[in-house]
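**Q** Mind having a look at this structure? Questions to follow.
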Amino acid sequence: MGYILDTIHELLAPCAGLVAGAYAYFFLSMENEDDVFLARAAYAVSTGFVAMMYGLIMMVRGRDGNQAEEIITLRNGGKTSHVPVKQYDVDQAQSALIWLALEAVVVALMHVKLEFLVPLAVQSIVNPILLLQSSIFNVCILNRRAAGHLRRPWDNESLITVIKTMNFKKIKRQIEEMQSEMAGEKVKRKITARERKNKNLVARRKK
């Protein structure tokens with residue numbers, strides 16, 4: 593029984609999105625003003641609700657953050673960090689908000705530039721379902737115990753955590769090397785043994 597419920601839980605969002613997308617594709621048209629208004633209104637209400645929930649989580653969990661609380665251990669790319677539970681929840685909610693904003697930009701471009709209604713319909717259904725199924729919603733809004741599959745850290749990696757652990761100096765150096773190579777400049781780097789051997793062979797032939 594548990595396996596069946598888990599399967600339904602995993603397939604609910606994609607199946608609902610597929611049904612919404614099929615309905616929008618076959619029954620809604622950009623030429624019909626009522627259809628366009630319906631799709632836009634549904635997406636606006638849906639996205640606004642999801643954004644409001646994540647904002648509420650950030651506000652509630654960010655309150656009294658200086659008090660003594662449980663610390664969780666995060667491991668990312670071999671690096672270990674210790675983060676207060678409340679800060680972890682705030683980072684997760686903030687990351688979800690960022691992704692939601694990026695998604696809204698993409699959906700808006702597809703709708704305006706390509707005149708698609710399907711993305712609006714799909715995300716109007718999928719986003720609330722994913723929110724209601726998420727661990728952060730169940731723990732922070734529904735006050736369910738963070739145990740079992742709801743135990744922190746959650747599977748989804750926080751975008752904020754990823755950004756904090758990125759080596760920006762290394763990335764900047766790699767970008768500068770790429771720009772120099774594109775400009776035809778020589779970039780100083782270690783020569784491999786094979787390259788040194790080939791270089792010596794070319795020098796001998798010239799002699």
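For the sequence shown, my numbering gives the first residue as 593, with consecutive numbering after it.
We put the CB at the ideal spot given by N, CA and C, even for glycine.
1) Exposed or buried, what is D683 when buried is set at 16 or more other beta-carbons lying within 10 Å of its beta-carbon?
2) Does the segment 661-669 touch the segment 697-704, meaning 3 or more C-beta pairs lie closer than 8 Å?
3) May I ask which residues mark the beginning and end of the beta strand (DSSP E) holding N668?
4) Using C-beta distances below 7 Å, list every residue in its chain close to V611, excluding the 5 sequence neighbours before and after it, in chain order.
5) For S716, I'd like the list of residues in its chain whose CB is within less than 6 Å of its CB, leaving aside the five on either flank, ordered along the chain.
6) Would you tell me roughly how many angstroms separate the C-alpha atoms of V754 and E625, rounded to the nearest one?
7) Nearest to V628 by alpha carbon, out of Q686, C732, V731 and P711?
8) Compare the Cα-Cα distances from V542 to each of A605, G640, R765 and M645 and report the closest residue.
9) With L723 and V652 assumed to form a contact (beta carbons below 8 Å), what rounded beta-carbon distance in angstroms separates them?
10) Look up K671 in the DSSP assignment and give the residues it is bridged to.
11) If you drop the 5 nearest sequence neighbours on each side, which residues of the same chain put their C-beta closer than 7 Å to that of I664?
**A** Taking the definition as stated:
1) buried
2) no
3) I663 to N668
4) none
5) A634, Y635 and S638
6) The pLDDT assigned to V754 is 48, lower than 50, so where the model puts this residue is not dependable, and the model offers no usable value.
7) P711
8) Any question about residue 542 goes unanswered here, given that the chain covers just 593 to 799.
9) Contact doesn't hold; Cβ gap of about 15 Å is too wide.
10) N668
11) V675, V677, Y680, R744 and P745
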